[in-house]
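Written below as structure tokens is the structure these notes are about.
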Amino acid sequence: MQITELRIAGFKSFVDPQDLPVQPGLTGIVGPNGCGKSNLLEALRWAMGASSARAMRGGEMDDLIFSGSAGRPARETAEVTLILDNSNRTAPPEFNGSDTLEIVRRIRRGAGTSYKLNGRTVRGKDITLLFADASTGANSPALVRQGQISELIGSKPQNRRRILEEAAGIAGLNTRRHEAELKLNAAEANLERLSEVSAEVERQLASLKRQAAKARRYKRLSEEIFALDALVAHLRWHEAKLACETAREKLEETKRQVEEASRQDAVSEAARVEAGEGLAPLREAESLVAAKLGQARIALAKLETERKVAADTHDRLQSEATRLMEDIEREQASKTEAEEALANAKFELSALPVEDETANAETEAQTRAALETARADLVRTEQAADDAQARLSEARARRQATEEQAAAQTRRKAQLTAEAERLRADMAALEDAVTLVSKLKAAKAAEEEAETALQAAERAVEDAEQRLTTARDAETAAQPKRDEAASAVRELEAEIGGLRKLLRKAEGPSAPPVVERIRTRDGYEKAVAAALGDDIEAPTDKAAAMYWGGADAVGQVLPDGATPLSQYTDAPGELAARLSQCGLVDASEGARLADEMKPGQRLVSKEGHLWRWDGFARTPDAPVSA
1 MQITELRIAG FKSFVDPQDL PVQPGLTGIV GPNGCGKSNL LEALRWAMGA SSARAMRGGE
61 MDDLIFSGSA GRPARETAEV TLILDNSNRT APPEFNGSDT LEIVRRIRRG AGTSYKLNGR
121 TVRGKDITLL FADASTGANS PALVRQGQIS ELIGSKPQNR RRILEEAAGI AGLNTRRHEA
181 ELKLNAAEAN LERLSEVSAE VERQLASLKR QAAKARRYKR LSEEIFALDA LVAHLRWHEA
241 KLACETAREK LEETKRQVEE ASRQDAVSEA ARVEAGEGLA PLREAESLVA AKLGQARIAL
301 AKLETERKVA ADTHDRLQSE ATRLMEDIER EQASKTEAEE ALANAKFELS ALPVEDETAN
361 AETEAQTRAA LETARADLVR TEQAADDAQA RLSEARARRQ ATEEQAAAQT RRKAQLTAEA
421 ERLRADMAAL EDAVTLVSKL KAAKAAEEEA ETALQAAERA VEDAEQRLTT ARDAETAAQP
481 KRDEAASAVR ELEAEIGGLR KLLRKAEGPS APPVVERIRT RDGYEKAVAA ALGDDIEAPT
541 DKAAAMYWGG ADAVGQVLPD GATPLSQYTD APGELAARLS QCGLVDASEG ARLADEMKPG
601 QRLVSKEGHL WRWDGFARTP DAPVSA
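Residue numbers (full-length UniProt numbering): 1 to 626.
If you want it as structure tokens, here you go:
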């Protein structure tokens, strides 16, 4: 490979684009001090991958950009392009598809540098290896900077050895050998790690097999449940259909009954009209008879009351007469006893001798006193007997009057009873008219019952239709359960496939990768994976071939609407700089916010979208490296 052209724009003192052709043979550049001869050499070294700003007489990389002058403003970017002739196809295989290689290195103030090879973005390491294979590069001894000759004279043997190796054309082999050793060590570590991962995955696979068996059983049971639910729904639908048909039959029968009731109602209405024509005089007669019957019942009740009073009076007088007879008999007995006592006293008085008159004067006086007393008692008894006899006569008179009154009442009762019987006969004559009215009322009641039956039949039809709708809803509601079961089975199958893929993976970091130390909030796993990419497999062990060494967090502000991904993760400190410059956005806003990113920043979404500051973007369904 030969350098055929050098293009510079905005690099150090070259503010305007400049093209420097490099023709075969020797090309010399002459000019006064400060005209930019050394800047051309530094531009060449910088395009080859130089990373030390001090080696190019600057404090930092931004010093390589034109900083302005009295008449020219400062530039924001600097760009150096090398054109290489590759017609002999001596470039590495991955870059050996063209006769010309165009290497572009571009730097933006405050954002860092980027490389492109034939328009494709590459790493700085790729450019370094490209020139190392050609036994040259940014640090090649063939590129002599100011003061390097004196340094070479006083340098150590190790430094002079590097110059000799480059002159012999083996400098690139050392780089390749070192890289091969690193890859070999990493492969050995990966094999050890793979055995551990394989054992772990086998345990997980056994667990997943059990879960898959449970999932299959769940799927089978879900299908059975779905089938049974469908059967139940079908049976309910069939039952509802039968109920609907039965309700329709009842409805037809009810309609027939309603028609029959309507005909009977018409007949009854005609009879009612006919009966109504002769009902007025009957009702008037009924009213008169009812009034007379009421009066008779009142008179009968009054006579019954009087009869009871007369009976009570008769019984009372009978009792009083009996008592008076007993009193008369008792007084008669007392009178008889008094008369006997008086006769005895007179007899005893006449029988006494004359001579004893003086002697017995006192006895006679006593006897006379007793006699007077007896006479007084006799008079009193006779008077009582006369009084009793008078009361008895009075009681007998009252008894006779009461008996006559009772007989009159009995005759009146018989008359009223006969009148009541006649009235009952008149009432019986009115029953035919009342029967017609009752039939009319019964017809109306039958019509109302038929209407009620019709409404009940309509409600039965509505209930049957409602049960049919419920059965169909149950069938529809069972469908999501089946879909959920199928989705769970698909997720388990996908997880099993991922673990099997992990078993087939033969590479990995020698030390535990940071992915095992990252704790992410649920739902943000895809966002973290998109932000870190393959770097998530690197460890933090600096002895590994690739590792996270940690860096200070960059103070750049993410675009408005983006949230630092570090807020959703618990990660090692070595990832702080990366996560602070990775923003979480909505998938629909990512493309718009990508234009506002600063160098080194990335935007991701929860679904796994990625937008990078250099224009690279990736969707969740894009294939990833195995």
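In this text, a Cβ means the ideal position worked out from N, Cα and C, and glycines have one as well.
Beta-carbon contacts of residue i that lie in its chain and below 7 Å, excluding the five residues immediately before and after
i: asparagine 118; result: Ser98, Leu101, Glu102
i: valine 585; result: Gly561, Ala562, Leu593, Leu603, Ser605
i: aspartate 552; result: Ala577
i: proline 512; result: Pro539
Residue from the options whose Cα sits closest to the Cα of residue i
i: alanine 477; options: Phe226, Ser135, Asp595; result: Phe226
i: serine 67; options: Thr81, Ser51, Cys244, Ser13; result: Ser13
i: lysine 37; options: Leu143, Pro480, Phe131; result: Leu143
i: glutamate 179; options: Gly573, Thr128, Val22; result: Thr128
i: alanine 445; options: Ser262, Lys219, Thr90; result: Ser262
i: valine 104; options: Glu79, Gly110, Thr90; result: Glu79
i: threonine 520; options: Thr121, Thr569, Gln2; result: Thr569
i: valine 528; options: Ala538, Leu610, Ser588, Gln556; result: Leu610
i: glutamine 556; options: Pro564, Gln18, Lys413; result: Pro564
i: residue 633; options: Asp133, Arg108, Glu607, Leu26; result: The shown model of the chain, from 1 to 626, leaves out residue 633, and the question about it has no answer.
i: alanine 299; options: Glu196, Pro620, Ala390, Thr410; result: Thr410
Alpha carbon of residue i to alpha carbon of residue j, nearest angstrom
i: lysine 183; j: methionine 546; result: 10 Å
i: valine 267; j: glutamate 259; result: 12 Å
i: arginine 398; j: glutamate 419; result: 31 Å
i: aspartate 614; j: asparagine 88; result: 33 Å
i: glutamate 329; j: glutamate 320; result: 14 Å
i: glutamate 274; j: alanine 290; result: 24 Å
i: serine 566; j: glutamate 224; result: 47 Å
i: threonine 254; j: arginine 236; result: 26 Å
i: leucine 579; j: glutamine 601; result: 9 Å
i: aspartate 63; j: alanine 187; result: 41 Å
i: alanine 70; j: glycine 110; result: 23 Å
i: arginine 162; j: leucine 41; result: 20 Å
i: glycine 59; j: serine 52; result: 9 Å
i: asparagine 344; j: alanine 369; result: 14 Å
i: alanine 206; j: phenylalanine 616; result: 40 Å
i: methionine 56; j: isoleucine 65; result: 12 Å
i: glycine 34; j: proline 24; result: 27 Å
i: glutamine 158; j: alanine 9; result: 37 Å
i: glutamate 394; j: glutamine 318; result: 12 Å
i: glutamate 331; j: glutamate 421; result: 55 Å
i: arginine 45; j: tyrosine 524; result: 43 Å
Chain C contact for residue i (CB, 8 Å cutoff)
i: arginine 45; result: As a matter of chain content, chain C is missing from the structure shown, which is built from one protein chain.
As assigned by DSSP and simplified to three states, the class of residue i
i: isoleucine 107; result: strand
i: glutamine 318; result: helix
i: lysine 606; result: coil
i: isoleucine 3; result: strand
i: alanine 78; result: strand
i: threonine 121; result: strand
i: arginine 578; result: helix
i: threonine 90; result: coil
i: aspartate 560; result: coil
i: arginine 57; result: coil
i: arginine 618; result: strand
i: isoleucine 298; result: helix
i: alanine 544; result: coil
i: arginine 161; result: helix
i: lysine 209; result: helix
i: serine 155; result: coil
i: serine 98; result: coil
i: glycine 112; result: strand
i: aspartate 522; result: coil
i: tryptophan 611; result: strand
i: glycine 583; result: strand
i: threonine 569; result: strand
i: aspartate 473; result: helix
i: leucine 143; result: coil
Element boundaries [alpha helix (DSSP H), containing residue i]
i: glycine 590; result: 590-593
i: lysine 37; result: 37-47
i: leucine 532; result: 525-532
Close beta carbons around residue i, own chain, < 8 Å, minus the five adjacent residues each side
i: histidine 314; result: Arg399, Thr402, Glu403, Ala406
N-terminal and C-terminal residue of the beta strand (DSSP E) that residue i is part of
i: leucine 26; result: No beta strand (DSSP E) holds leucine 26; DSSP gives it neither H nor E.
i: aspartate 19; result: 18-21
Nonlocal neighbours in the same chain, by C-beta distance under 6 Å from residue i, ignoring five residues either side
i: proline 21; result: Glu5
i: alanine 50; result: Ala138
i: asparagine 96; result: Arg89
i: tyrosine 115; result: Arg105, Val122, Gly124, Ile127
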